[in-house]
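Read in order, the letters of the sequence shown correspond to residues -9 to 270 in the working numbering.
Every residue gets a Cβ at the ideal spot worked out from N, C-alpha and C, and that includes glycine.
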Amino acid sequence: MSRAIENAEAGFTQKEKRIAAYFQARPDAVIVEKNADIAKKLGLSPMTVTRFFRKLGFADTADARARIINASYSSGSSRVDRRFEDNFLRRTSSGSESDLDLSYASIEAAFGFRNGAMWTEIVELLCASDAVHITGFQTMHYLADGFSRRLSYLRDRVHLVDRIDGVYAGLLPEDGERVTLVMMDVFRYGAHGPQLAKLAKKRGIEVVILADEFCDWATGITPHVLRFPAETHFFLAMPQGITTGLNLLLQDVSTQLGEAAGQRVKKLSEAQDYFGLFLD
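Quick look at the structure:
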């Protein structure tokens, strides 16, 4: 997409330059946003957006979307070596500016979720469940590990699901026990993700999923899905949106637990002092 824009930009009208700037700052928009939504954001007509795609050599918006998905997100193009070649090796000042815009979008999405009813429900699950299990697939394992460690400062019975046994034996709640499973993954998704989510729901476990906006497999499994703007333009993305969302969840869980969390943190601090875990 960006290469097609570079090849055609000399002939762009002022309106088309506006569209080009938007896609350069938000390269995944053509996949996840409708033509009418893009036009509305830019103050243009949908036909202007369609003409823009035709100028790039596509038949229409649908053709652009299909070809970009095939080129950018097929199994071959998503190999880690291809992503290194496409994203890591070509760093320019203009690319850095686009990266900053996309970083803002990811972080803003996290704060936007915080104002919704679903967020309140997720915070309640993390506070009131008898146990919370957390897992992350592929490069998201480190986020799951960090979140489980920090959440355990605020409440007990927080467990990292490490998948070592291959059958997730830890997710076997007692009768009447309320358990929540928090999952996180980004494109390309781990094969066990949908299977684990369905198994957890079958066992009566509440499921919370943090993923990027391409995550369609979670639909119908759980209503508690937080989808953040994809950061596939980065080589091995952090990703910033999910990281911010996890930080905000911890903050709101701490607030809701109140004194109970305060007492737990106090006991942990006393243990840290006893064992001399920190420098004076």
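Contact defined as beta carbons within less than 8 Å: I believe ASP242 pairs with VAL113. What is the distance between those atoms, to the nearest angstrom? Stepping through the sequence shown from its first residue, residue 242 is reached at position 252. Stepping through the sequence shown from its first residue, residue 113 is reached at position 123. About 5 Å separates the two Cβ atoms, so the contact holds.
DSSP state of GLY183, grouped into three classes? Residue numbering aside, residue 183 sits at position 193 when the sequence shown is read from its first letter. The answer is helix: DSSP assigns GLY183 an H, G or I state.
Using 8 Å as the Cβ pair cut-off and three pairs as the minimum, do the segment 44 to 51 and the segment -8 to -1 touch? yes
Based on the DSSP secondary-structure assignment, which residues constitute the bridge partners of GLY126? For the purposes of this step, residue 126 is identified with residue 136 of the sequence shown, where counting begins at 1. MET174.
Buried or exposed for SER83, please, with buried defined as at least 16 other CB atoms from any protein chain shown within 10 angstroms of its CB. Reading the sequence shown from its first residue, position 93 is the one you call residue 83. For SER83, the predicted model reports a pLDDT of 45, less than 50, meaning its position is unreliable; a value from the coordinates is still stated below. Exposed, by the Cβ-count rule.
For VAL215 and LEU186, the rounded distance between their alpha carbons: Walking along the sequence shown from the start, residue 186 turns up at place 196. Walking along the sequence shown from the start, residue 215 turns up at place 225. One C-alpha to the other measures close to 15 Å.
Let me confirm a value: GLY126 is counted as buried when at least 16 other C-beta atoms fall within 10 Å, else exposed. Which label applies? Walking along the sequence shown from the start, residue 126 turns up at place 136. With a threshold of 16 other beta carbon atoms within 10 Å, GLY126 meets it and is buried.
Measure from the alpha carbon of ARG57 to the alpha carbon of each residue in ALA(-6), TRP207 and GLY166, then state which is nearest. Residue numbering aside, residue 57 sits at position 67 when the sequence shown is read from its first letter. Of the candidates ALA(-6), TRP207 and GLY166, the one whose C-alpha sits nearest the C-alpha of ARG57 is ALA(-6).
DSSP has LEU162 in a bridge; who is on the other side? Residue mapping note: residue 162 aligns to position 172 of the sequence shown, counting from 1. DSSP, once it has assigned bridges, lists no residue as partnering LEU162.
Below 8 Å on the Cβ atoms is my guess for ALA190 versus LEU171; work out the distance and round it to an integer in Å. To locate residue 190, count along the sequence shown from 1; it is residue 200. To locate residue 171, count along the sequence shown from 1; it is residue 181. At roughly 5 Å, the Cβ-Cβ gap stays under 8 Å, so ALA190 and LEU171 are in contact.
Among the candidates ARG147, ALA181 and PRO184, whose CA atom is the shortest distance from the CA of VAL169? Residue 169 sits at position 179 when you count from the first residue of the sequence shown. Of the candidates ARG147, ALA181 and PRO184, the one whose C-alpha sits nearest the C-alpha of VAL169 is ARG147.
Option nearest TYR132 by Cα separation, candidates PHE103, PRO213, LEU236 and GLY266: Within the sequence shown, the letter at position 142 stands for residue 132. The shortest C-alpha separation from TYR132 is found at LEU236.
Going by the CB atoms, is the gap between ALA251 and SER259 shorter than 8 Å? Within the sequence shown, numbered from 1, the residue matching residue 259 stands at position 269. Within the sequence shown, numbered from 1, the residue matching residue 251 stands at position 261. Result no, Cβ atoms of SER259 and ALA251 do not sit closer than 8 Å.
I believe GLN230 touches ILE97 by the beta-carbon criterion, under 8 Å. Please report the beta-carbon distance rounded to the nearest angstrom. In the sequence shown, the residue the question calls residue 230 occupies position 240. In the sequence shown, the residue the question calls residue 97 occupies position 107. Their Cβ separation, rounded to whole angstroms, is 6 Å, which keeps GLN230 and ILE97 in contact under 8 Å.
How far does the beta strand (DSSP E) with ASP202 in it extend, from its first residue to its last? Residue mapping note: residue 202 aligns to position 212 of the sequence shown, counting from 1. That run of the beta strand (DSSP E) goes 196 to 202.
Considering only residues of the same chain and omitting the five flanking positions on each side of LEU141, which have a CB-CB separation below 6 Å? In the sequence shown, residue 141 corresponds to position 151, counting from 1. The residues are VAL148.
With a CB to CB cut of under 6 Å and the five nearest residues on each side skipped, what residues in its chain are close to GLU6? Reading the sequence shown from its first residue, position 16 is the one you call residue 6. In its chain, beyond the 5 residues on either side, PHE42 have a beta carbon closer than 6 Å to the beta carbon of GLU6.
Determine the burial state of VAL176: buried for a count of at least 16 other Cβ atoms within 10 Å of its Cβ, exposed for fewer. On the sequence shown, residue 176 is found 186 positions in, with the first residue counted as 1. Buried, since its Cβ has 16 or more Cβ neighbours within 10 Å.
Do MET(-9) and PHE13 come within 8 Å of each other at the CB atom, strictly closer than that value? Taking the sequence shown and counting its residues from 1, the one referred to as residue 13 is at position 23. Taking the sequence shown and counting its residues from 1, the one referred to as residue -9 is at position 1. The answer is yes: Cβ separation under 8 Å.
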